[in-house]
Structures are given as C-alpha cells and as structure tokens.
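Numbering (the working numbering), first residue to last: 178 to 320.
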C-alpha cells in the first residue's frame, strides 16, 4: 500500500530520486516505485500492481494522465491504482519552483484532489517566491 508520494518536475529527476530511495531502503521493508511517462509508462504501472510499494515517485504529467485518462487502461487496473492513494500520509513536492515554472500547477491540483487532505506535506524549492506561497496554500492546510 502506498503511504508516500514524491512529485518531481522531470522524468530524469524522478528516476534519480527513485535510485536514491532504492539505496536508502535496501535493507528495509519499504519499496519505492516509479511511475513516469514515455514508452514504458504502462510497464511501470503494471510493475507496481504486481510487486507493490510504499513510496511512489512520479511526475505530475504522468500521474494526471493515469488519474484522468480512464480509456487508456482497463478501468479496473486504473481504479486499483487510484484506490492505493487513500493511504498516502506524506506528500513531497520536489523542486516546487521548477514545477511552477514548467506550468504544472493544474496537474498538482488534480493530484491533490485524489489524495487525502489529512497528510504531511513537504515543499522543497531552491527559491522562495509568491508562486511558491500559492502552491503552499494549495498543498497545505495549516501554514
């Protein structure tokens, strides 16, 4: 069951984050899993559904595509994946400034609508700006 979600602005950063989580969780019961777009996107989803995992690492576009595009996969598979979102307790938004620069606010809003409002959220950014404060307002209940 998925208990943490890490959202990264790019496929490359998501893959790098996944590699680091694999190293950190090697001798534990925690398993990270990667959900990214591209030619192998359905393979990543199938691997999660087969092997499970507790830490989801993804890009906003990939998650939004799965969440909103029910026609691209068997509805039961999609619903099974989405049902795991109810257990998410931790949301990490990595490089939040880049996510906003790249225009991912709408995708973040879609993702937030599928995960529990009661959660711990961490926003990480190299800079502080008004747009980061807006994202903070969208992601967090108490500021």
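Where a beta carbon is used, it is the ideal one built from N, C-alpha and C, also for glycine.
Here the structure is a predicted model, which is why all the values come from computation and not from measurement.
Could you check which residue in the options has the C-alpha nearest to that of residue i?
i	options	result
residue 255	240, 180, 290, 234	240
residue 244	187, 188, 298, 283	283
residue 275	187, 238, 287, 231	187
Does DSSP classify residue i as helix, strand or coil?
i	result
residue 194	helix
residue 303	coil
residue 297	strand
residue 320	Reliability fails at residue 320, whose pLDDT of 49 lies under 50, so the model's placement of it is uncertain and the value that follows must be treated cautiously. Correct three-state label for residue 320: coil.
residue 235	strand
residue 184	strand
residue 178	coil
residue 281	coil
residue 288	helix
Should residue i be listed as close to the ligand ATP, given that the test is whether its C-beta is under 7 Å from any heavy atom?
i	result
residue 246	By its list of ligands, the structure shown contains no ligand whatsoever, and the ligand ATP lies outside what it can speak to.
What separation, rounded to the nearest whole angstrom, lies between the Cα atoms of residue i and residue j?
i	j	result
residue 219	residue 213	9 Å
residue 253	residue 289	21 Å
residue 257	residue 206	22 Å
residue 285	residue 229	23 Å
residue 204	residue 190	23 Å
residue 297	residue 278	24 Å
residue 201	residue 280	31 Å
residue 294	residue 246	23 Å
Length at least 3, wholly inside the segment 199-223: the beta strand (DSSP E) runs in chain order: Runs of the beta strand (DSSP E) inside the segment 199-223: 209-212.
Taking contact to mean at least 3 C-beta pairs separated by less than 8 Å, is the segment 195-204 in contact with the segment 258-271? Touching, no, given that fewer than three Cβ pairs across the two stretches are closer than 8 Å.
Which runs of the alpha helix (DSSP H) fall wholly inside the segment 254-279 and span at least 4 residues, in chain order? Fully enclosed alpha helix (DSSP H) runs of 4 or longer: 273-278.
Can we say the segment 204-213 touches the segment 221-236, given the rule of at least three CB pairs closer than 8 Å? Yes, since at least three Cβ pairs between the segment 204-213 and the segment 221-236 fall closer than 8 Å, the two stretches touch.
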